[in-house]
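Report on the structure given below.
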Amino acid sequence: MQYETRMSCGLVKGHAYSVTAVEEMHGTKHHLQKDFFLYNASKARSKTYINMREISERFRLPPSEYVVIPSTYEPHQEGEFILRVFSEKRSLSE
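Structure representation (structure tokens):
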């Protein structure tokens, strides 16, 4: 979900996301390089880029560590995003 401002002119036009497993990187905290995404397919993603304030979908994923990557339709366009994750079972997050 995009961060809400009083004026909607701050919203990004067309946004989406992908979810990628990062099991082999357990505990590391560094930026993922382009090569990582070339060799590791996403486990879930939004269906398309959409011009709405909120994207909501359900996925059933096995227990693992994942990275959620918001993206914009236009390259190099910045935006602020809020991420909400709901889990049926207790889970730890950082």
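Counting with UniProt numbering, you get residues 1 to 94 for the letters of the sequence shown. Where is the CB? At the ideal position from N, CA and C, for every residue including glycine. No experiment lies behind these values; they were computed from the predicted model shown.
- Between the segment 26-43 and the segment 57-77 there are three or more C-beta pairs closer than 8 angstroms, enough to call the two in contact.
- Collapsing the DSSP output to three states places residue 66 in a strand.
- When DSSP reads this structure, residue 20 sits in a beta bridge with 67.
- Residue 64 and residue 18 have their alpha carbons spaced roughly 15 angstroms apart.
- The three-state secondary structure of residue 81, taken from DSSP, is strand.
- Residue 16 and residue 49 have their C-alpha atoms roughly 5 angstroms apart.
- About 5 angstroms separates the CB atoms of residue 67 and residue 20; that is less than 8 angstroms, so the two are in contact.
- Residue range 34-39 is occupied by the alpha helix (DSSP H) that includes residue 34.
- With respect to residue 51, residue 14 sits close: the two C-beta atoms are nearer than 8 angstroms.
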